[in-house]
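Just below is one structure, and these are the notes that go with it.
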Amino acid sequence: MSQVIPVNVQIPSASTAPVVADFVSHALRVAYAARRDVDRLTPEEWGVPGIYVLLTDDGTHQLYVGQAVDLRRRLLHHPSRPKLAWSRVVAIKRDTSHGFNSAEIGYLEGRVAAELAAIPGVAVIEGKRDQDTTLPPHMLLSLDELLASVLAALRLAGVDTHKEADELERTSPRGTRRKSPIAKRGTVADLLAAGLLRAGAEVHLSQGGRAASGTVTTSGEIIVAGVAYASPSTAAQQALGLRSSNGWTTWRVGDLRGPTLDALRDRLAEVDGESVL
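Sequential numbering of the sequence shown, starting at 13, is according to the numbering used here.
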């Protein structure tokens, strides 16, 4: 069953007033505005740090991802280069007393741009290419948790956020994965819940003369080059640029000499008192 993200949407009666959505789980406030109506974003509420995505309606599927310490001012005076015939904007801020700081929006801009760039057919124009990684690991984990609501906010704007072929390897009630009689039970999230793996752990792999690394999120995804993947195998394939790779046996925790995710899954079966088929 997929996760449901609660949201409260406020639709003003005035057609030129921005629509505002509150994503309560992650305390995000999102404004949806036409380009002509950006000046309707009040400076008291939207003159704050945040990220934004400019959308086009010309069929090019181009998006612009940016950040600003003053969202309203930035959108009112958005530069014409790189040229983008944007018609709508999705502006996102933290709906808390302190809000975002410049380092946090720098990291989020990079993560959102990477996630959108991984969607087939979408062309992303970024405000800057590098992610801000000056924040401590625990802060990066908390920011990664916001991506679910950020992507949900973009879905409300009509953006297709689906990444192809990134699905959890499902298991049957008896503990075997469907379509495979030798598959093992468990997901990365199960390893986290059992204490066999910690959120924020680095994972590494080397295959076919190529090497890559990733980070485990609090929800059990693996982030590779700014993109989170639910399937370890998909994460491995994308990291190495290969058509196939069993992420369970190729990802190692800590370094290339650490235990594989598959070995941790064996331990999970022992903890559960189950035999591994």
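Every residue gets a Cβ at the ideal spot worked out from N, C-alpha and C, and that includes glycine.
Measuring only the C-alpha atoms, how far is residue i from residue j?
i, j, result
"Asp-70", "Ala-97", "8 Å"
"Ile-104", "Gly-270", "39 Å"
"Phe-112", "Tyr-119", "11 Å"
"Leu-209", "Leu-128", "28 Å"
"Ala-29", "Ala-130", "32 Å"
"Leu-168", "Ala-242", "22 Å"
"His-110", "Ala-251", "36 Å"
"Ala-26", "Glu-56", "20 Å"
"Ser-37", "Gly-221", "42 Å"
"Gly-207", "Ala-281", "13 Å"
"Ser-231", "Val-60", "29 Å"
"Leu-166", "Glu-116", "19 Å"
"Thr-54", "Ala-43", "11 Å"
"Lys-175", "Val-77", "18 Å"
"Ile-23", "Asp-82", "23 Å"
"Thr-188", "Arg-197", "Annotation note: pLDDT 38 at Thr-188 (below 50); position unreliable, no value reported."
"Thr-50", "Leu-87", "First, the residue type needs correcting, since residue 50 is Val and not Thr in the sequence shown. Looking at the two C-alpha atoms, the distance is approximately 7 Å."
"Asp-107", "Val-124", "18 Å"
"Asn-20", "Ala-39", "11 Å"
"Asp-278", "Ile-234", "19 Å"
"Lys-95", "Pro-149", "35 Å"
"Ala-213", "Met-151", "14 Å"
"Ala-33", "Thr-262", "41 Å"
"Trp-260", "Ala-126", "24 Å"
"Val-102", "Ser-114", "19 Å"
"Ala-201", "Arg-48", "44 Å"
Return yes when the Cβ of residue j is within less than 8 Å of the Cβ of residue i, no when it is not.
i, j, result
"Arg-84", "Trp-58", "yes"
"Val-228", "Val-239", "no"
"Leu-276", "Ala-211", "no"
"Leu-217", "Arg-264", "yes"
"Leu-273", "Pro-244", "yes"
"His-90", "Gly-133", "no"
"Ser-256", "Gln-219", "no"
"Ile-63", "Phe-35", "no"
Mark residue i as exposed unless 16 or more other C-beta atoms lie within 10 angstroms of its C-beta, in which case mark it buried.
i, result
"Leu-75", "buried"
"Asp-156", "buried"
"Gln-249", "buried"
"Leu-66", "buried"
"Leu-159", "buried"
"Thr-199", "buried"
"Pro-193", "Note that Pro-193 scores a pLDDT of 39, beneath 50, so its modelled location is shaky and nothing firm can be said."
"Val-283", "exposed"
"Thr-146", "exposed"
"Ala-205", "exposed"
"Arg-41", "buried"
"Ala-223", "exposed"
"Gly-226", "buried"
"Gly-266", "exposed"
Whose C-alpha, out of the options, is nearest the C-alpha of residue i?
i, options, result
"Ile-137", "Gln-79, His-174, Ser-154", "Gln-79"
"Ala-4", "Val-31, Leu-40, Ser-114, Thr-54", "Because the chain in this structure spans residues 13 to 289, residue 4 falls outside the shown range and cannot be described."
"Gly-291", "Gly-266, His-73, Val-236, Val-19", "This structure gives no information on residue 291, because the portion of the chain shown stretches from 13 to 289."
"Gln-15", "Asp-278, Asp-107, Ala-164, Arg-255", "Ala-164"
"Gly-122", "Asp-278, Ala-213, Val-162, Asp-172", "Val-162"
"Asp-172", "Arg-106, Ala-135, Arg-41", "Ala-135"
"Thr-246", "Arg-106, Asp-178, Met-151", "Asp-178"
"Gly-170", "Ile-63, Thr-68, Phe-35", "Thr-68"
#### Entry: beta strand (DSSP E) runs contained entirely in the region 88-119, provided each spans 3 or more residues
98-106
Considering only residues of the region 195-280, which uninterrupted beta strand (DSSP E) runs meet the minimum length of 3 residues and lie entirely inside it, listed in chain order? 214-219, 222-228, 234-236, 239-241
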